[in-house]
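In full-length UniProt numbering, the protein residues as written are 1 to 318.
Printed below as a string of structure tokens:
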């Protein structure tokens with residue numbers, strides 16, 4: 001497919017608010033997988049496209065592994081070097097642990113979007129949950145994909161995996177409340193800080209970010225998980241940002257008031273517990289992809305594309 005879509009795919013052409021603030025656009029494909037609907041739960045019908053570098057995509061990878069969906073939903077990982085055409089597959093840009101597109105041999109993720117919707121006008125983001133039957137995108141909103149994975153395929157899973165529930169009904173109000181401010185000030189807050197085009201916009205995002213980290217530090221003191229005494233989607237959604245904080249966000253996005261390892265002992269302990277004691281988190285974290293993507297793919301921030309060596313280690317031992 002040969003269509004000039006650099007306005008949609010080239011991150012150097014991001015749109016900003018009048019005050020220099022970065023504003024993230026909403027996802028475009030918001031369908032569900034459910035019995036009786038267009039997208040029925042079936043084995044080997046759906047495919048997940050992700051980047052190890054992207055925190056939003058890694059949410060989906062973690063839940064896919066946590067729920068034991070590896071044999072039901074295939075996965076393809078793109079190269080972390082996102083250029084003017086967006087996320088490339090390995091045939092367009094070879095990189096360790098990057099894959100070719102097994103379904104269509106696409107060069108870039110944008111090719112999937114145009115296959116699903118030839119007149120698509122949004123950005124080409126990951127994760128992408130793809131339906132092989134209808135050859136279209138089911139959903140590209142990570143917060144919804146992880147909830148799909150949480151329940152939609154339980155009938156095909158062994159009892160222990162089907163019983164895992166990262167969004168338990170009795171905790172939903174608390175989870176939703178925490179997710180809301182964590183998304184705005186932390187998950188997206190690091191981006192609003194890093195992509196700010198003015199000092200005012202930068203500080204407007206930076207200080208709420210660290211106020212929320214201070215709040216999270218108090219919440220996690222003496223606790224293993226954020227809400228209740230069980231792993232929930234709130235932990236997963238926060239983890240993908242915190243694991244990237246010291247290696248990327250402190251330097252690249254100028255989130256440098258404090259580091260996690262040096263300034264937040266409770267958050268650091270919580271992160272290390274998830275990483276070292278839960279393979280779903282460790283096995284889906286690829287620091288080479290993470291660091292390469294941010295430092296290479298954002299020439300508006302790092303024009304030399306030099307990827308820093310540190311911090312060493314990427315994450316402290318337990």
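The beta carbon of each residue, even a glycine, is placed where N, CA and C say it ideally should be. Since this is a predicted model, take the numbers as computed values, not measurements.
Element boundaries [beta strand (DSSP E), containing residue i]
{"i": "residue 46", "result": "46-50"}
{"i": "residue 139", "result": "136-139"}
{"i": "residue 263", "result": "Not the beta strand (DSSP E): residue 263 falls in the alpha helix (DSSP H), residues 260-263."}
{"i": "residue 130", "result": "128-131"}
{"i": "residue 77", "result": "74-77"}
Pair within 8 Å by beta-carbon distance, residue i and residue j
{"i": "residue 291", "j": "residue 250", "result": "no"}
{"i": "residue 145", "j": "residue 129", "result": "yes"}
{"i": "residue 282", "j": "residue 194", "result": "no"}
{"i": "residue 220", "j": "residue 163", "result": "no"}
{"i": "residue 240", "j": "residue 212", "result": "no"}
{"i": "residue 29", "j": "residue 188", "result": "no"}
{"i": "residue 224", "j": "residue 179", "result": "no"}
{"i": "residue 201", "j": "residue 19", "result": "yes"}
{"i": "residue 215", "j": "residue 149", "result": "no"}
{"i": "residue 46", "j": "residue 131", "result": "yes"}
{"i": "residue 295", "j": "residue 288", "result": "no"}
From the options, residue whose alpha carbon lies closest to that of residue i
{"i": "residue 341", "options": "120, 39 and 53", "result": "Residue 341 cannot be examined here, being either before or after the span of the chain that is shown, 1 to 318."}
{"i": "residue 71", "options": "62, 135, 96 and 44", "result": "44"}
{"i": "residue 175", "options": "237, 122, 190 and 203", "result": "237"}
{"i": "residue 244", "options": "204, 226, 227 and 286", "result": "286"}
{"i": "residue 167", "options": "184, 185, 85 and 143", "result": "143"}
{"i": "residue 83", "options": "77, 170 and 93", "result": "93"}
{"i": "residue 330", "options": "79, 116 and 218", "result": "Past the boundaries of the shown model lies residue 330; the chain is included only from 1 to 318, so the question cannot be answered."}
{"i": "residue 56", "options": "169, 170, 112 and 190", "result": "190"}
{"i": "residue 184", "options": "204, 197 and 81", "result": "204"}
{"i": "residue 284", "options": "231, 51 and 80", "result": "51"}
Status (buried if at least 16 other CB within 10 Å, exposed otherwise) for residue i
{"i": "residue 233", "result": "buried"}
{"i": "residue 318", "result": "exposed"}
{"i": "residue 98", "result": "buried"}
{"i": "residue 262", "result": "exposed"}
{"i": "residue 96", "result": "exposed"}
{"i": "residue 229", "result": "exposed"}
{"i": "residue 5", "result": "buried"}
{"i": "residue 268", "result": "buried"}
{"i": "residue 242", "result": "buried"}
{"i": "residue 192", "result": "buried"}
C-alpha distance - residue i paired with residue j, whole-angstrom precision
{"i": "residue 124", "j": "residue 114", "result": "10 Å"}
{"i": "residue 172", "j": "residue 304", "result": "45 Å"}
{"i": "residue 69", "j": "residue 276", "result": "21 Å"}
{"i": "residue 209", "j": "residue 309", "result": "25 Å"}
{"i": "residue 314", "j": "residue 38", "result": "43 Å"}
{"i": "residue 155", "j": "residue 62", "result": "20 Å"}
{"i": "residue 300", "j": "residue 306", "result": "13 Å"}
{"i": "residue 206", "j": "residue 102", "result": "41 Å"}
{"i": "residue 121", "j": "residue 137", "result": "14 Å"}
{"i": "residue 259", "j": "residue 165", "result": "32 Å"}
{"i": "residue 133", "j": "residue 257", "result": "49 Å"}
{"i": "residue 271", "j": "residue 279", "result": "13 Å"}
{"i": "residue 34", "j": "residue 110", "result": "26 Å"}
{"i": "residue 152", "j": "residue 141", "result": "16 Å"}
{"i": "residue 90", "j": "residue 100", "result": "5 Å"}
{"i": "residue 88", "j": "residue 222", "result": "42 Å"}
{"i": "residue 42", "j": "residue 119", "result": "29 Å"}
{"i": "residue 58", "j": "residue 48", "result": "11 Å"}
{"i": "residue 252", "j": "residue 159", "result": "43 Å"}
{"i": "residue 67", "j": "residue 161", "result": "5 Å"}
{"i": "residue 127", "j": "residue 75", "result": "10 Å"}
{"i": "residue 36", "j": "residue 73", "result": "20 Å"}
{"i": "residue 246", "j": "residue 312", "result": "10 Å"}
{"i": "residue 196", "j": "residue 297", "result": "16 Å"}
{"i": "residue 227", "j": "residue 235", "result": "8 Å"}
{"i": "residue 1", "j": "residue 198", "result": "Summary for residue 1: the model assigns pLDDT 43, below 50, so the residue's position carries little reliability, and this model does not support an answer."}
{"i": "residue 264", "j": "residue 231", "result": "20 Å"}
{"i": "residue 157", "j": "residue 32", "result": "19 Å"}
Span of the alpha helix (DSSP H), counted from its first residue to its last, around residue i
{"i": "residue 112", "result": "109-116"}
{"i": "residue 194", "result": "189-194"}
{"i": "residue 238", "result": "233-244"}
{"i": "residue 285", "result": "Looking at the DSSP string, residue 285 is not in any alpha helix (DSSP H), and its letter there is neither H nor E."}
{"i": "residue 58", "result": "55-66"}
{"i": "residue 213", "result": "199-220"}
{"i": "residue 89", "result": "From DSSP, residue 89 is part of no alpha helix (DSSP H); its letter is neither H nor E."}
Min CB distance residue i to chain B below 8 Å
{"i": "residue 218", "result": "In the structure shown, chain B does not exist; there is a single protein chain."}
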